[in-house]
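Residue numbers (our numbering): 17 to 345.
Right, dumping it as structure tokens:
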């Protein structure tokens, strides 16, 4: 690679925005084909396929809460340089995919039923992934980690290996008791307010604050923050009462007796040392029940491990690439 990248095709922090805008985006977009598919209930789901040269397999990227496929451009570039094709998509209620009608304001994020996310992934696997090179690998972040793990509990043998970045086995409620949070969400639903923004959350209002963000790499934060500010479709942020209630329900589903034990896929779970978005203990409990599971603490990282400084990001991502490589036939 040039002096702008590490050996795995990740961009060096020096001149990061320039590298992303002038080299990474043109390179991955040259191998990109977008298609909107009919997800669960016929809802339009935006998908992006990236075809690698001499592909050795395909990685599906399942993004987190209020994210989108384009936020993972740097990882997509790395995977393409390592000859993995990539399939990414925007969850319903996110990015360029369908959004529920009747929301209080445009940047709020909502879902009626968390299973809709899982069923969308099932459909994408059948309609888009089915034509892509095997073996197939799964990478899920945060909420996308919860979606991915629920998929693995229900579908054995689809993916060769799976890596989870700070998965939302249970959301961090900032000290609010789970029972009280459930009661609040249920009460909002009874009052017809499930699509309203939860208290203590504010609408998107422009550039965000790095100090309070989920990223620990300033250059990576700045690059995406500028992209988000310039792209209205990427500006959804806080949850509704309905989304919050469904996130709590997803946690119960993930840890139901016997559910984790159905997972046959080797899974690696990565816990961020400084994570204010999801809880580490449920990740530990989930990993302990896996047939082939391992959990690693990523020191120095905030919730979005993939937006860490070079010295944290590079070894973490290389470990995931090696894990996937061992699964290539």
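Where a beta carbon is used, it is the ideal one built from N, C-alpha and C, also for glycine.
Three-state secondary structure (DSSP) of residue i
i, result
"residue 214", "coil"
"residue 58", "helix"
"residue 180", "strand"
"residue 251", "coil"
"residue 187", "strand"
"residue 209", "coil"
"residue 297", "helix"
"residue 290", "strand"
"residue 284", "strand"
"residue 307", "coil"
"residue 343", "coil"
"residue 145", "helix"
"residue 134", "helix"
"residue 313", "strand"
"residue 120", "coil"
"residue 27", "strand"
"residue 231", "coil"
"residue 273", "coil"
"residue 267", "helix"
"residue 335", "helix"
"residue 193", "coil"
"residue 279", "coil"
"residue 219", "coil"
"residue 112", "coil"
"residue 173", "coil"
"residue 224", "coil"
"residue 90", "helix"
Cβ-based neighbour list, residue i, same chain, cut-off 6 Å, excluding 5 preceding and 5 following
i, result
"residue 328", "316, 317"
"residue 261", "201"
"residue 52", "60, 62"
"residue 116", "126"
"residue 106", "62, 84, 85, 112, 113"
"residue 324", "232, 233, 317"
"residue 78", "156, 160, 163, 164"
"residue 345", "none"
"residue 284", "179, 310, 339"
"residue 248", "none"
"residue 123", "219, 220, 251, 252, 253"
"residue 118", "211"
Supposed close pair residue i, residue j - CB separation, criterion 8 Å
i, j, result
"residue 59", "residue 114", "4 Å"
"residue 210", "residue 257", "5 Å"
"residue 103", "residue 144", "6 Å"
"residue 239", "residue 36", "5 Å"
"residue 39", "residue 89", "Actually they do not touch by this definition, with Cβ atoms about 11 Å apart."
"residue 339", "residue 179", "6 Å"
"residue 334", "residue 19", "The Cβ separation is near 18 Å, so there is no contact."
"residue 250", "residue 243", "7 Å"
"residue 108", "residue 55", "6 Å"
Residues that residue i bridges to, as DSSP identifies them
i, result
"residue 322", "Answer is none; residue 322 lacks a bridge partner."
"residue 49", "65"
"residue 154", "76, 178"
"residue 236", "DSSP, once it has assigned bridges, lists no residue as partnering residue 236."
"residue 105", "63, 78"
"residue 20", "Per DSSP, none; premise fails for residue 20."
"residue 100", "73"
"residue 35", "In DSSP, residue 35 forms no bridge with anything."
"residue 260", "Residue 260 pairs with nothing; no bridge assigned."
"residue 125", "255"
Same chain, Cβ closer than 8 Å to residue i, neighbours up to 5 away in sequence not counted
i, result
"residue 198", "261, 264"
"residue 129", "262"
"residue 301", "185, 271"
Nonlocal neighbours in the same chain, by C-beta distance under 7 Å from residue i, ignoring five residues either side
i, result
"residue 149", "71, 73, 74, 101"
"residue 120", "211, 212, 213"
"residue 11", "In the structure displayed, the chain extends from 17 to 345; residue 11 sits before or after that span and is not available."
"residue 280", "172, 173, 307"
"residue 194", "264"
"residue 177", "153, 281, 282, 339, 340, 343"
"residue 321", "181, 182, 286, 288, 314, 332"
Check: residue i C-beta below 7 Å from any heavy atom of the ligand ZN
i, result
"residue 134", "Summarising the ligand content, the structure contains no ligands, and the ligand ZN is consequently not present."
Using 8 Å as the Cβ pair cut-off and three pairs as the minimum, do the region 289 to 309 and the region 181 to 188 touch? yes
Inspect the CB distances between the region 156 to 173 and the region 264 to 277 and report whether three or more fall short of 8 Å. Yes: the two stretches touch, three or more of their Cβ pairs being nearer than 8 Å.
Just checking, does the region 224 to 235 make contact with the region 82 to 96 on the three C-beta pairs under 8 Å criterion? Too few Cβ pairs lie closer than 8 Å, so no.
Stretch-stretch touch, CB-based, cutoff 8 Å, three pairs: the region 20 to 30 with the region 69 to 85: No, the region 20 to 30 does not touch the region 69 to 85.
Any chance the region 214 to 224 sits against the region 306 to 313, with 3 or more Cβ pairs inside 8 Å? no
Count the CB pairs spanning the region 129 to 147 and the region 166 to 179 that are closer than 8 Å, and state whether there are at least three. yes
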